[in-house]
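These notes are about the structure you will find just below.
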Amino acid sequence: MTPPWDHWDIHPSVAIGLACFGGLYLFWGGTRASVSRQISFWASVLVMFFSLDGPLHDLSDTYLFSAHMLQHLILTLVFPPLLLYGTPAWVVRPLLRPRWVMALARVITRPLAAGIIFSAVITFWHFPQFYEPAMRHHNLHIVQHLVFIATSVVMWWPVLSPVPELPRASYPVQMIYLFLLGLPMSLVGALITLAQSPVYPFYAEAPLRVWGLSPVADQQYGGLLMWVPGTLWFWGAMTVIWFRWAARDETGDADRAVPQDAYATMPRITPRPPSPPTDAA
Numbered sequence: 003m004t005p006p007w008d009h010w011d012i013h014p015s016v017a018i019g020l021a022c023f024g025g026l027y028l029f030w031g032g033t034r035a036s037v038s039r040q041i042s043f044w045a046s047v048l049v050m051f052f053s054l055d056g057p058l059h060d061l062s063d064t065y066l067f068s069a070h071m072l073q074h075l076i077l078t079l080v081f082p083p084l085l086l087y088g089t090p091a092w093v094v095r096p097l098l099r100p101r102w103v104m105a106l107a108r109v110i111t112r113p114l115a116a117g118i119i120f121s122a123v124i125t126f127w128h129f130p131q132f133y134e135p136a137m138r139h140h141n142l143h144i145v146q147h148l149v150f151i152a153t154s155v156v157m158w159w160p161v162l163s164p165v166p167e168l169p170r171a172s173y174p175v176q177m178i179y180l181f182l183l184g185l186p187m188s189l190v191g192a193l194i195t196l197a198q199s200p201v202y203p204f205y206a207e208a209p210l211r212v213w214g215l216s217p218v219a220d221q222q223y224g225g226l227l228m229w230v231p232g233t234l235w236f237w238g239a240m241t242v243i244w245f246r247w248a249a250r251d252e253t254g255d256a257d258r259a260v261p262q263d264a265y266a267t268m269p270r271i272t273p274r275p276p277s278p279p280t281d282a283a
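Quick note: to get our numbering, add 2 to the position in the sequence shown (first position is 1).
So this is what it looks like as structure tokens:
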């Protein structure tokens, strides 16, 4: 059997979807954002592409639970921050125009709701009763990934919201929020790591034992990825927020609100007042 790293599969659905995604960004004026934000957006597109195509996708879909956990961490912890930071407010607002969308967004993007939604989804999909069918039925697996992506964007919204209409939480709340988010992920990762027998039969039946990993060892590596790097990622984000909060305090602006310049809003151009008429000579 050909090892999965010896070839590169490109799935048309992923390529077409990302092309449409990037096209909307350009159509709605993403190029008017700062260079750093544009780089962040296109980096998110590349992250998505390399996560869902190529060797990592093949390893995770057929051979290694640990590769699948790495893929999930990229989709939930790396892609959303790059996307939200790189998307300016005027690109997001067309999506929020329907009243029902804005009404729903006002509820689910608040820290308590966003944290509960993300944690519930992560826990739900890692129960063997739901994880196994997703691995054995491709369409259900696509749904799983779409749910992960959507709920992780919602989860990061209180930290990196691009629109003041759906505001970011204050710096202290952001730190507490991220700390609490790491707890369910750590618990799920720990339970998987400490299991003494295969939790997911799909990977125990893999047609190729990549790198000589036994099903239990592969499972332990996957659980550790979720448990340790996943938790440390949240701590890294908390550290960045702490320094931003401290810098804001040093400038004498120590209120709890996130500053407006954190949002990628277009600068308003103030029209020049008309020149007074001059007397004819």
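Here a beta-carbon is modelled for each residue, glycine too, at the ideal position from N, C-alpha and C.
For residue i and residue j, I'd like the C-alpha separation in whole angstroms.
{"i": "GLU207", "j": "GLN198", "result": "17 Å"}
{"i": "PRO203", "j": "PHE67", "result": "10 Å"}
{"i": "PRO113", "j": "GLY88", "result": "21 Å"}
{"i": "THR33", "j": "GLN40", "result": "7 Å"}
{"i": "ALA192", "j": "PRO169", "result": "34 Å"}
{"i": "TRP44", "j": "GLY24", "result": "8 Å"}
{"i": "LEU215", "j": "ILE243", "result": "38 Å"}
{"i": "MET240", "j": "ILE178", "result": "8 Å"}
{"i": "LEU227", "j": "TRP30", "result": "37 Å"}
{"i": "PRO174", "j": "HIS74", "result": "28 Å"}
{"i": "ASP11", "j": "LEU196", "result": "34 Å"}
{"i": "SER188", "j": "PHE236", "result": "11 Å"}
{"i": "PHE52", "j": "MET137", "result": "19 Å"}
{"i": "VAL145", "j": "HIS139", "result": "10 Å"}
{"i": "ALA248", "j": "GLY238", "result": "15 Å"}
{"i": "GLY19", "j": "HIS147", "result": "14 Å"}
{"i": "SER46", "j": "PRO83", "result": "8 Å"}
{"i": "ALA69", "j": "LEU26", "result": "31 Å"}
{"i": "ILE76", "j": "LEU58", "result": "11 Å"}
{"i": "LEU106", "j": "THR78", "result": "21 Å"}
{"i": "ALA171", "j": "SER62", "result": "35 Å"}
{"i": "ARG99", "j": "PRO14", "result": "30 Å"}
{"i": "SER38", "j": "ARG101", "result": "31 Å"}
{"i": "LEU28", "j": "SER42", "result": "14 Å"}
{"i": "ALA219", "j": "SER36", "result": "45 Å"}
To which residues of the same chain is residue i closer than 7 Å at the C-beta, ignoring the five residues directly before and after it?
{"i": "PHE132", "result": "PHE126"}
{"i": "ALA116", "result": "ILE110, VAL156, MET157, TRP159 and PRO160"}
{"i": "ARG108", "result": "LEU168"}
{"i": "ALA21", "result": "none"}
{"i": "VAL201", "result": "PRO130, ILE194 and GLN221"}
{"i": "PRO164", "result": "LEU86, THR89, PRO90, ALA91, VAL94, TYR265 and ALA266"}
{"i": "TYR65", "result": "PRO6, ALA208, LEU210 and VAL212"}
{"i": "ARG246", "result": "TYR173"}
{"i": "VAL190", "result": "ILE124, THR125, HIS128 and MET228"}
Three-state secondary structure (DSSP) at residue i?
{"i": "PRO169", "result": "coil"}
{"i": "VAL155", "result": "helix"}
{"i": "THR241", "result": "helix"}
{"i": "GLN176", "result": "helix"}
{"i": "GLN198", "result": "coil"}
{"i": "SER38", "result": "helix"}
{"i": "PRO160", "result": "helix"}
{"i": "LEU66", "result": "coil"}
{"i": "TRP213", "result": "helix"}
{"i": "ALA1", "result": "No answer is possible for residue 1: it lies beyond the span of the chain, which begins at 3 and ends at 283."}
{"i": "ILE110", "result": "helix"}
{"i": "TRP10", "result": "coil"}
{"i": "PHE129", "result": "coil"}
{"i": "ALA256", "result": "Note that ALA256 has pLDDT 45, beneath the 50 cutoff, so the model's placement of it is unreliable and no number is given."}
{"i": "ALA282", "result": "Caution applies to ALA282, whose pLDDT of 44 falls short of 50 and renders its modelled position unreliable; the value that the coordinates give is listed next. DSSP places ALA282 in coil when its eight states are reduced to three."}
{"i": "HIS139", "result": "coil"}
{"i": "THR78", "result": "helix"}
{"i": "ARG99", "result": "coil"}
{"i": "GLU207", "result": "coil"}
{"i": "ASP265", "result": "The question names Asp, but residue 265 is Tyr in the sequence shown. DSSP places TYR265 in coil when its eight states are reduced to three."}
{"i": "ASP55", "result": "coil"}
{"i": "TRP30", "result": "coil"}
{"i": "PRO90", "result": "coil"}
Tell me which residues share the same chain as residue i and place their Cβ nearer than 8 Å to its Cβ, disregarding the 5 neighbours each side in the sequence.
{"i": "ALA97", "result": "Position check: residue 97 holds Leu in this sequence, whereas Ala was assumed. Excluding positions up to five away in sequence, the list reads VAL103."}
{"i": "GLY56", "result": "TRP10, ASP11 and ILE12"}
{"i": "LEU142", "result": "PRO135 and ALA136"}
Sorted by chain position, which residues of the same chain lie with C-beta nearer than 6 Å to residue i's C-beta, five sequence neighbours on each side aside?
{"i": "VAL80", "result": "VAL49"}
{"i": "LEU54", "result": "VAL16"}
{"i": "GLY254", "result": "Confidence is the limiting factor: at GLY254 the pLDDT is only 49, short of 50, which leaves the residue's position unreliable and the question unanswerable from this model."}
{"i": "GLN176", "result": "VAL161 and ILE243"}
{"i": "GLY224", "result": "PHE67, SER68 and MET71"}
Do the region 114–121 and the region 172–183 make contact, defined as three or more Cβ pairs closer than 8 Å?
yes
With contact counted as at least three CB pairs below 8 Å, one residue from each stretch, are the region 205–223 and the region 145–153 in contact?
no
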